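>
Numbering (my numbering), first residue to last: 134 to 512.
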């Protein structure tokens, strides 16, 4: 897969050179220099692997990660804008022969597209890195006991603690979440990127989460990439319960709610236990509604068929870039962000609290700390 990504980015670089750089009025030497300068930027992922050993483990300083991430985002946006321009040019060439296409590929239009790409990258980087807002959602849950009416859950997802979103940023998220004073805090995967020793300071704020009924988490796919056993031990040491195909029972006002957590499908590739709802619910009390925490939303239909009352997920980041996020929706079985009704089971998919250093832009898909208020469903 890594080779495929590197190849695709190489083709993107070639496309930008042919459809953008060669139209710039900066002389032959300037165009060659620009093309060569864009090559390492296009192969940003390869540079991360070379310098850190793994794509999910970046060890660059915060400022370098932000600047390179911004520039890489600008490169990707430029490639997308060029694709849109060339698509429009194809339509115009049919309707107006060659006049429209020639104007669209002019140096003036090319430079304008470059400027727009950089402006969007600047805005998108700020949107991606700023502290997320609180999004309040009421969810009607079938079979929810009256005692749980108004029960509040803070959902965080995809925190991705790295030099990009370091300890100070994570601490601000912890403080903002704790200030909600919810009954329960849940984290639906992808808490970090990297090795436990390297990320120790960045994840340390997670020990400060507190809610009346505690804090629960499940692993996401990024937990498996670098030392999964080490991470499970690290989270346990900081007092953060990780539900790996197991459940807990929440007591509230004389009523009960089962919270079951699943592992991620990525587990199988690393010799770990794959998601297993049956195992997670082994020994759970009968007749009690079940809330499932699963990093990816794709198995929601199976969970609904099994009688789960509510599922909370993340993983998609909302697609991060409006328009392009349709690909993310397709890759996640039609689920992207927000509240869905899957049979009788509601599914909520967070847009993510943080983001991965591989793409630091958010355009039209803001991050979130989700305050969920449970309500009994009216049959």
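Beta carbons: idealized from backbone N, C-alpha and C, even for Gly.
Keep in mind that this is a model prediction, so the values were computed, not measured.
I'd like to know whether the C-beta atoms of residue 164 and residue 215 end up nearer to each other than 8 Å.
Position 31 of the chain shown holds residue 164. Position 82 of the chain shown holds residue 215. No; because the gap between Cβ atoms is not below 8 Å, this pair is not in contact.
> Measuring CB atoms only, is the region 433-451 touching the region 475-491, in the sense that at least three cross pairs come out at less than 8 Å?
Contact between the region 433-451 and the region 475-491 is present, because at least three Cβ pairs lie under 8 Å.
> Mind the definition here: the region 283-301 touches the region 319-326 only if three or more C-beta pairs lie below 8 Å; say whether that holds.
Because the criterion of three Cβ pairs below 8 Å is met, the region 283-301 and the region 319-326 touch.
> Among 418, 429, 467, which residue has its Cα nearest to the Cα of residue 392?
In the chain shown, the residue the question calls residue 392 occupies position 259. Measuring from the Cα of residue 392, the nearest candidate turns out to be 418.
> Any idea what DSSP makes of residue 338, helix, strand or coil?
As a first step, residue 338 must be located in the chain shown, where it is residue number 205. If DSSP states are grouped into helix, strand and coil, residue 338 belongs with the helices.
> Considering only the alpha carbon of each residue, which of 209, 302, 468, 414 lies closest to residue 127?
Since the displayed the chain opens at 134 and closes at 512, residue 127 lies outside it and no answer follows.
> Measuring alpha carbon to alpha carbon, tell me which residue in 307, 366, 305, 275 is nearest residue 330.
The count along the chain shown starts at 1 and reaches residue 330 at position 197. Comparing Cα positions, the closest option is 366.
> So within the region 406-455, which uninterrupted alpha helix (DSSP H) runs reach at least 4 residues, ignoring any that extend past its ends?
Counting only runs of 4 or more, we get 410-413, 433-438.
> In terms of DSSP beta bridges, what is residue 375 paired with?
Position 242 of the chain shown, counting from 1, holds the residue named residue 375. Residue 375 pairs with 350.
> Closest to residue 159 by C-alpha separation, out of 219, 243, 464, 142, would be which residue?
Your numbering for residue 159 matches position 26 in the chain shown. Checked all of 219, 243, 464, 142; the closest Cα to residue 159 is 243.
> What is the DSSP secondary structure of residue 294, counted as helix, strand or coil?
Position 161 of the chain shown, counted from the start, is the residue given in the question as residue 294. DSSP places residue 294 in strand when its eight states are reduced to three.
> Suppose you measure from the CA of residue 492 to the CA of residue 206; what does that come to, to the nearest Å?
The count along the chain shown starts at 1 and reaches residue 492 at position 359. The count along the chain shown starts at 1 and reaches residue 206 at position 73. So the alpha carbons of these two residues sit roughly 7 Å apart.
> Tell me the DSSP secondary structure of residue 320 in three-state form.
Here residue 320 corresponds to residue number 187 of the chain shown, with the count starting at 1. Residue 320: strand per DSSP, three-state reduction.
> Mind checking whether residue 373 and residue 351 have CB atoms under 8 Å apart?
Position 240 of the chain shown, counted from the start, is the residue given in the question as residue 373. Position 218 of the chain shown, counted from the start, is the residue given in the question as residue 351. Cβ atoms of residue 373 and residue 351: not closer than 8 Å.
> Taking the alpha-carbon positions, what's the residue 403 to residue 475 distance?
Residue numbering aside, residue 403 sits at position 270 when the chain shown is read from its first letter. Residue numbering aside, residue 475 sits at position 342 when the chain shown is read from its first letter. Cα-Cα distance, rounded: 30 Å.
> Under three-state DSSP, which class holds residue 471?
Your numbering for residue 471 matches position 338 in the chain shown. Residue 471: strand per DSSP, three-state reduction.
> Report yes if the CB atom of residue 420 is closer than 8 Å to the CB atom of residue 280, and no otherwise.
As a position in the chain shown, residue 420 is number 287, starting the count at 1. As a position in the chain shown, residue 280 is number 147, starting the count at 1. Not a contact, by the Cβ cut-off of 8 Å.
> Determine the DSSP secondary structure at residue 159, reduced to helix, strand or coil.
One-based indexing of the chain shown puts residue 159 at position 26. Correct three-state label for residue 159: coil.
> Tell me, to the nearest whole angstrom, how far the beta carbon of residue 315 is from that of residue 501; I am working on the premise that it is less than 8 Å.
Looking up residue 315 in the chain shown gives position 182. Looking up residue 501 in the chain shown gives position 368. Residue 315 to residue 501, Cβ: 14 Å. No contact.
> Within 10 angstroms of its Cβ, does residue 258 collect 16 or more other Cβ (buried), or is it exposed?
As a first step, residue 258 must be located in the chain shown, where it is residue number 125. Buried is the call here.
> Could you say which of 303, 209, 390, 238 lies nearest to residue 277 if we only look at CA atoms?
Numbered from its first residue, the chain shown carries residue 277 at position 144. Residue 390 is the option with its Cα nearest to residue 277.
> In this structure, does DSSP put residue 191 in helix, strand or coil?
Translated into positions along the chain shown, residue 191 becomes position 58. Of the three classes helix, strand and coil, the one that applies to residue 191 here is coil, per DSSP.
> Which whole-angstrom value describes the C-beta separation of residue 472 and residue 479, a residue pair presumed to lie in contact below a C-beta threshold of 8 Å?
Position 339 of the chain shown, counted from the first residue, corresponds to residue 472. Position 346 of the chain shown, counted from the first residue, corresponds to residue 479. Contact flag correct, Cβ pair sits at about 6 Å.
> Would you kindly check if the distance between the Cβ of residue 261 and the Cβ of residue 495 is under 8 Å?
Looking up residue 495 in the chain shown gives position 362. Looking up residue 261 in the chain shown gives position 128. Cβ atoms of residue 495 and residue 261: closer than 8 Å.
> Taking C-alpha atoms, which residue in 251, 154, 157 lies nearest to residue 201?
Numbered from 1 along the chain shown, position 68 holds the residue referred to as residue 201. Comparing Cα positions, the closest option is 251.
> Along the chain, where does the alpha helix (DSSP H) containing residue 325 start, and where does it finish?
In the chain shown, the residue the question calls residue 325 occupies position 192. Where residue 325 is concerned, there is no enclosing alpha helix (DSSP H), given that its DSSP letter is neither H nor E.
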